[in-house]
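Numbering (our numbering), first residue to last: 767 to 883.
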């Protein structure tokens, strides 16, 4: 039980640090907060509503991982390193793919709600 408690505290600390230090994380937390009532309006079923919120959570998770990669890379060296730049670009690409995926899910749900399917 103590291990679980310590892991929970570490997770809370990591999320708090990410929110304080990264604008993108703050924006995605706001998007998550907005997605909760919007999913209720847009989603035609309970499962669709869960899926819509889950896609926003997934974007936040990937952004947290990308932020961790960037912080670690910056800790290794602040000098321009082409390989580190490519690693950072791949993390950014992962966030971009997740954002596109979330957007497609939301557009599909909106079309479904409007009777297009």
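Note that CB positions come from ideal geometry on N, CA and C, so glycine has one too.
Inclusion of residue 808 and residue 852 in the CB contact set at 7 Å is not warranted, their separation being larger than that value. At a cut-off of 4 residues, the continuous stretches assigned as alpha helix (DSSP H) that sit fully inside the region 787-852 are 789-808 and 812-842. Between the region 783-797 and the region 819-835, the count of C-beta pairs closer than 8 Å reaches three or more; the two stretches touch. Apart from sequence neighbours up to five positions away, the residues of its chain that approach residue 864 with a beta-carbon distance below 7 Å are 824, 825 and 828, ordered along the chain. In this structure, DSSP gives residue 881 a state outside helix and strand, which the three-state scheme calls coil. If you check the CB distance, residue 814 and residue 860 do not come in under 7 Å.
For residue 867, the three-state secondary structure derived from DSSP is helix. Between residue 801 and residue 819 the beta-carbon gap is near 5 Å, inside 8 Å, which marks them as a contact. Residue 822 counts as buried, since at least 16 other C-beta atoms from the protein chains shown sit within 10 angstroms of its C-beta.
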